[in-house]
Amino acid sequence: MADEFDFDDDVFDDVDEADLAELERPAKRQKTVTAAPMAESDHLTLAKRILKDNFGYEAFRHEQAGVIQSLLAGENALAVFPTGAGKSLCYQIPALAFPELDAVDGIRDPGRAGVTIVVSPLLALMKDQVDVLRKKGIAADSVDSSKKYEDLQAVYAKLRDSELRILYCAPERLNNEGFVSMIKDVPGGIRLVAVDEAHCVSEWGHSFRPDYLKVARFAQEIQAERVVCLTATATLKVADDICAAFNIKKAHVFKTSPYRPNLELHAKTIENPNVLEHYVPHKLGKAPKAESDKRFEELFRFLRANRGPTLVYVALQHLAESHAEVLTKNGFNAAAFHAGLKTERKQHVQDAFMAGRIQIVCATIAFGMGIDKSNIRAVVHWDLASTVEEYSQQIGRAGRDGLLSKCMFFLAPSAFYLRELFARGDLPSRRSLAGLINDIFSLARGMRVHGVFKVSHYKQEREFDIRPSPLSIIYATLELHYGLFRAVTPEYSTYKFEAMPSYYPLIKNDKSKEAKAIRENAKKKIKFHDVDITATCKNSGVSRFEIVRKLNDLDSRGVLKLQTTGMEFRYQIEKELPDTEAGINEIIDKVLADLQGREKDAIHRGQEVMDLITGAKCFARALAEHFGMGLPNGQISCGHCTFCMTKTPVRPPTRRVQVTTAASIQPVLKAIDIRDDARFLARVAFGIKSPRVTQLKLDKDPVWQSLADHDFDALLAEFTRVCGKAAA
1 MADEFDFDDD
11 VFDDVDEADL
21 AELERPAKRQ
31 KTVTAAPMAE
41 SDHLTLAKRI
51 LKDNFGYEAF
61 RHEQAGVIQS
71 LLAGENALAV
81 FPTGAGKSLC
91 YQIPALAFPE
101 LDAVDGIRDP
111 GRAGVTIVVS
121 PLLALMKDQV
131 DVLRKKGIAA
141 DSVDSSKKYE
151 DLQAVYAKLR
161 DSELRILYCA
171 PERLNNEGFV
181 SMIKDVPGGI
191 RLVAVDEAHC
201 VSEWGHSFRP
211 DYLKVARFAQ
221 EIQAERVVCL
231 TATATLKVAD
241 DICAAFNIKK
251 AHVFKTSPYR
261 PNLELHAKTI
271 ENPNVLEHYV
281 PHKLGKAPKA
291 ESDKRFEELF
301 RFLRANRGPT
311 LVYVALQHLA
321 ESHAEVLTKN
331 GFNAAAFHAG
341 LKTERKQHVQ
351 DAFMAGRIQI
361 VCATIAFGMG
371 IDKSNIRAVV
381 HWDLASTVEE
391 YSQQIGRAGR
401 DGLLSKCMFF
411 LAPSAFYLRE
421 LFARGDLPSR
431 RSLAGLINDI
441 FSLARGMRVH
451 GVFKVSHYKQ
461 EREFDIRPSP
471 LSIIYATLEL
481 HYGLFRAVTP
491 EYSTYKFEAM
501 PSYYPLIKND
511 KSKEAKAIRE
521 NAKKKIKFHD
531 VDITATCKNS
541 GVSRFEIVRK
551 LNDLDSRGVL
561 KLQTTGMEFR
571 YQIEKELPDT
581 EAGINEIIDK
591 VLADLQGREK
601 DAIHRGQEVM
611 DLITGAKCFA
621 RALAEHFGMG
631 LPNGQISCGH
641 CTFCMTKTPV
651 RPPTRRVQVT
661 TAASIQPVLK
671 AIDIRDDARF
681 LARVAFGIKS
691 PRVTQLKLDK
701 DPVWQSLADH
711 DFDALLAEFT
721 RVCGKAAA
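Okay, structure coming up:
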């Protein structure tokens with residue numbers, strides 16, 4: 001394939017090397033005894049007043065009141081609410097209530113009301129919510145990678161002066177020692193940590209993010225008074241994981257059924273014998289006309305019958321573009337959205353859709369998170385969703401205004417291929433994993449406990465053929481399960497800047513030691529000056545912190561335009577690392593077994609989607625039961641999904657699998673002389689991208705994806721046989 005799935009990395013926030021200025025440590029908090037503490041019965045009254053005065057609502061919905069009462073009583077809580085059910089109010093209202101509680105309880109000095117921290121992976125959501133809260137006169141801000149140095153310092157100053165009620169940050173920010181240290185010293189303390197997208201905490205969640213495992217540790221270290229976890233998609237197992245991580249009692253778990261009576265859930269099977277042709281990259285010049293896919297006829301019929309803002313979800317980036325083009329040619333107002341588009345284009349499409357200038361967005365999963373458009377009338381799944389949770393999230397974007405909306409799921413033979421493609425890409429071979437772990441241990445070898453080693457994840461991805469997601473899981477496993485090291489503030493390996501006209505006189509007359517270090521060590525190239533930070537520190541005796549702070553300051557003043565590249569992750573050794581072959585192999589085997597379990601689980605999740613759509617049960621009921629709930633008021637069916645209306649299960653598409661033989665794989669073996677990694681060869685034949693595939697440009701070779709109609713396990717077995725003979 002010429003492109004890959006979107007995994008939302010472009011909408012997730014990332015962390016820059018935050019070079020924080022020293023903050024004045026606040027004086028120790030003193031209790032001020034005044035009136036008796038507010039009775040818990042009055043908490044709801046206070047919350048309702050804030051709800052009306054600040055947000056304009058007359059009453060709480062679903063289980064919002066229960067969550068808020070738990071938090072105001074000092075308890076941790078979990079809220080499992082469907083998309084669009086108002087999860088954000090569950091932490092926004094307590095954040096505004098704390099100063100009033102303090103005034104009644106008399107346990108804090110005035111002006112030391114602390115802050116609520118919201119941990120969210122979604123940059124768009126952070127920005128949108130901060131904008132909305134500010135318009136309501138609520139003091140909110142964010143610490144994210146889009147902010148310049150001086151903007152970050154302004155946020156930290158507001159924290160120091162108790163001028164913020166709510167602060168948003170990404171989970172990756174918690175690896176920054178300076179940020180964590182500063183948070184510990186916020187006047188009034190951390191009143192609440194809100195964990196958005198909390199299913200990412202669970203290793204069994206559908207969207208596990210390793211840095212989320214560290215959020216619970218962060219909440220303990222900063223002595224947060226209470227925690228609320230929020231998610232739209234937590235199965236019983238995931239909810240149990242969240243409760244265990246954050247010490248949440250069962251009495252403070254609040255769930256609302258994902259059932260939405262205004263959503264009609266439909267599905268249809270369309271037999272496309274040659275549908276896999278549409279998943280072959282355009283690079284070979286053999287891409288079929290998009291209209292040849294039989295699903296288009298059904299899509300046109302559905303869209304003409306259901307007018308209004310619509311999302312059409314596809315699996316691949318090039319499909320988003322080709323489908324938008326086909327729809328436009330057939331008279332529909334459509335545009336494409338995926339992670340590969342330029343930021344300006346993505347923003348244009350999003351803004352136009354929100355404003356109603358674009359009616360249909362053909363998108364990968366990169367579109368929708370943090371988007372709050374109430375009148376989406378239809379959601380179409382052109383391809384198989386990778387998990388039931390993903391399907392639930394995406395249909396949950398329809399009909400938030402309560403009006404009738406329809407969701408259509410097309411099932412085609414490609415579903416079987418996509419199920420494998422979703423699941424198979426993240427498991428490295430044992431050879432790759434062993435190379436990585438030995439490399440990590442070699443970097444740290446000879447260092448004492450508390451020593452810090454640096455590593456480029458990007459280089460390791462390419463060298464050991466491991467994708468970013470499993471690489472981060474491997475590091476998190478070594479850190480959190482084995483306690484070998486701990487991630488600390490990352491650094492950039494390369495700094496360079498373009499000097500503005502004011503740079504030369506200013507740097508010449510600046511007598512500071514930092515300016516002198518930059519002046520004497522920055523190497524002038526044609527357009528840019530290169531600064532080797534490590535060498536500059538060594539030559540000048542000035543600390544890295546001081547030099548980087550000076551460069552950021554000059555950048556913020558427009559004296560130079562600073563660019564940073566080459567993120568290096570840093571890890572502090574927590575205990576002696578294994579140094580025997582047996583000890584290292586034991587860890588390799590355990591980590592590999594864990595990753596193999598994740599692959600099996602991913603395959604099972606894809607099958608769960610197929611089972612839900614083709615099962616002999618009401619779609620809405622099956623969806624609710626997946627999350628351990630049922631339909632409200634004892635209902636056993638919704639009455640308006642495809643199954644309820646036809647009383648017949650949707651027929652699974654026909655799967656046509658070619659038999660894999662020694663002859664089948666010969667073209668791949670002739671094109672590629674690699675014999676040290678059977679999984680790599682199987683990936684090429686099946687069409688699964690990896691860093692090594694890209695590096696060798698094998699996705700441009702005719703053998704790429706040439707055996708996509710074979711069983712992946714059969715391919716792996718046949719290539720393993722060949723590689724075993726080569727090694728003998």
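The sequence shown maps to residues 1 to 728 in UniProt numbering. For glycine and all other residues, C-beta sits at the position ideal for the given N, C-alpha and C.
1) To the nearest angstrom, how far is it from the Cα of residue 78 to the Cα of residue 89?
2) Using 8 angstroms as the Cβ pair cut-off and three pairs as the minimum, do the region 415 to 429 and the region 678 to 687 touch?
3) Check for me: the alpha helix (DSSP H) holding residue 667 runs from which residue to which?
4) May I ask you to report which of helix, strand or coil DSSP gives residue 454?
5) Mind pulling the alpha helix (DSSP H) runs of 4 or more residues that sit fully within the region 49 to 103?
6) Residue 44 and residue 65 - do their beta-carbons sit closer together than 8 angstroms?
7) So, with DSSP's three-state summary, where would you put residue 259?
8) Tell me where the beta strand (DSSP E) around residue 360 begins and ends.
9) In terms of alpha-carbon separation, which member of 176, 171, 189 lies closest to residue 211?
10) Apart from the five residues just before and just after residue 720, which ones in its own chain have a Cβ nearer than 6 angstroms to its Cβ?
11) Hey, could you find the ends of the beta strand (DSSP E) residue 568 is sitting in?
12) My guess is that residue 491 and residue 389 are in contact by the Cβ rule of under 8 angstroms, so how many angstroms apart are they, rounded?
13) Which residue from 266, 159, 164, 376 puts its Cα closest to that of residue 179?
14) How close, in whole Å, do the beta carbons of residue 116 and residue 91 come, if the pair is a contact with beta carbons under 8 angstroms?
15) Rounded to the nearest angstrom, what separates residue 519 and residue 375 at their Cα positions?
16) Exposed or buried, residue 662, counting other C-beta atoms within 10 Å across all chains shown (16 or more means buried)?
17) Assuming residue 517 and residue 258 form a contact by the criterion Cβ under 8 angstroms, report the distance between their Cβ atoms to the nearest whole angstrom.
18) Closer than 8 angstroms is the cut-off here; do at least three beta carbon pairs connect the region 480 to 494 with the region 567 to 587?
19) Give the straight-line distance between the Cα atoms of residue 28 and residue 191, rounded to the nearest whole angstrom.
20) Determine the DSSP secondary structure at residue 393, reduced to helix, strand or coil.
21) Along the chain, where does the alpha helix (DSSP H) containing residue 482 start, and where does it finish?
22) So, for residue 451: in the same chain, excluding its five sequence neighbours on each side, which residues have a beta-carbon less than 6 angstroms away from its beta-carbon?
23) Once DSSP output is grouped into helix, strand and coil, what is the label at residue 782?
24) Mind checking who residue 194 pairs with in its DSSP beta bridge?
25) Determine the direct distance from the alpha carbon of residue 717 to that of residue 401, and round the result to whole angstroms.
26) Quick one: complete alpha helix (DSSP H) runs, 4+ long, within the UniProt domain "Helicase C-terminal" (295 to 444)?
27) Once DSSP output is grouped into helix, strand and coil, what is the label at residue 124?
28) Would residue 167 and residue 194 be called neighbours here (beta carbons separated by less than 8 angstroms)?
29) Evaluate contact between the region 700 to 716 and the region 665 to 678, counting only Cβ atoms and requiring at least three cross-stretch pairs below 8 angstroms.
30) According to DSSP, is residue 105 part of a helix, a strand, or is it coil?
Looking at the atomic coordinates:
1) As a working note, residue 78 is residue 78 in the sequence shown. As a working note, residue 89 is residue 89 in the sequence shown. Whole-angstrom Cα-Cα distance: 13 angstroms.
2) Enough Cβ pairs lie closer than 8 angstroms, so yes.
3) Here residue 667 corresponds to residue number 667 of the sequence shown, with the count starting at 1. Start and end: 666 to 671.
4) Locating residue 454 in the sequence shown gives position 454, counting from the first residue. Residue 454: strand per DSSP, three-state reduction.
5) Taken in chain order, the complete alpha helix (DSSP H) segments of 4 residues or longer contained in the region 49 to 103 are 64 to 72.
6) As a position in the sequence shown, residue 65 is number 65, starting the count at 1. As a position in the sequence shown, residue 44 is number 44, starting the count at 1. Yes, they are a contact pair.
7) In the sequence shown, counting from the first residue as 1, residue 259 sits at position 259. Three-state result, residue 259: coil.
8) Taking the sequence shown and counting its residues from 1, one reaches residue 360 at position 360. Looking at the DSSP string, the run of the beta strand (DSSP E) that includes residue 360 is 360 to 363.
9) As a first step, residue 211 is located in the sequence shown; it is residue number 211 there, counting from the start. Residue nearest to residue 211 within the set 176, 171, 189 is 171 (criterion: CA-CA distance).
10) As a working note, residue 720 is residue 720 in the sequence shown. Once the five neighbours on either side are set aside, the close Cβ partners of residue 720 are 678.
11) The residue labelled residue 568 in the question sits at position 568 within the sequence shown. From DSSP, the beta strand (DSSP E) with residue 568 extends over 560 to 573.
12) Locating residue 491 in the sequence shown gives position 491, where the first residue counts as 1. Locating residue 389 in the sequence shown gives position 389, where the first residue counts as 1. Residue 491 to residue 389, Cβ: 35 angstroms. No contact.
13) Position 179 of the sequence shown, counted from the start, is the residue given in the question as residue 179. The candidate whose alpha carbon is nearest that of residue 179 is 159.
14) Taking the sequence shown and counting its residues from 1, the one referred to as residue 116 is at position 116. Taking the sequence shown and counting its residues from 1, the one referred to as residue 91 is at position 91. That belief holds up - the Cβ atoms of residue 116 and residue 91 are roughly 6 angstroms apart, short of 8 angstroms.
15) Counted from its first residue, the sequence shown places residue 519 at position 519. Counted from its first residue, the sequence shown places residue 375 at position 375. Looking at the two C-alpha atoms, the distance is approximately 57 angstroms.
16) Here residue 662 refers to the residue found at position 662 of the sequence shown. By the 10 Å Cβ count, residue 662 comes out exposed.
17) The residue labelled residue 517 in the question sits at position 517 within the sequence shown. The residue labelled residue 258 in the question sits at position 258 within the sequence shown. Cβ-Cβ separation between residue 517 and residue 258: approximately 58 angstroms, too far for a contact (criterion under 8 angstroms).
18) yes
19) Residue 28 sits at position 28 when you count from the first residue of the sequence shown. Residue 191 sits at position 191 when you count from the first residue of the sequence shown. With a pLDDT of only 37 at residue 28, under the threshold of 50, the placement of this residue in the model should not be trusted, and no figure is reported.
20) The residue given as residue 393 occupies position 393 in the sequence shown. Correct three-state label for residue 393: helix.
21) For the purposes of this step, residue 482 is identified with residue 482 of the sequence shown, where counting begins at 1. No alpha helix (DSSP H) holds residue 482; DSSP gives it neither H nor E.
22) Translated into positions along the sequence shown, residue 451 becomes position 451. Contacts found: 573.
23) There is simply no residue 782 to check, as the chain begins at 1 and stops at 728 in what is shown.
24) Against the sequence shown, residue 194 aligns to sequence position 194. According to DSSP, which records beta bridges pairwise, residue 194 is partnered with 118, 228.
25) For the purposes of this step, residue 401 is taken as residue 401 along the sequence shown, with counting starting at 1. For the purposes of this step, residue 717 is taken as residue 717 along the sequence shown, with counting starting at 1. Rounded to the nearest angstrom, the two C-alpha atoms are 52 angstroms apart.
26) 295 to 305, 317 to 329, 343 to 355, 388 to 395, 414 to 424, 430 to 444
27) To locate residue 124, count along the sequence shown from 1; it is residue 124. In this structure, residue 124 counts as helix in the three-state DSSP scheme.
28) Here residue 167 is taken as the residue at index 167 of the sequence shown, counted from 1. Here residue 194 is taken as the residue at index 194 of the sequence shown, counted from 1. No, they are not a contact pair.
29) With a cut-off of 8 angstroms, the region 665 to 678 and the region 700 to 716 count as touching, because enough Cβ pairs lie within range.
30) By 1-based counting over the sequence shown, the position of residue 105 is 105. Three-state result, residue 105: helix.
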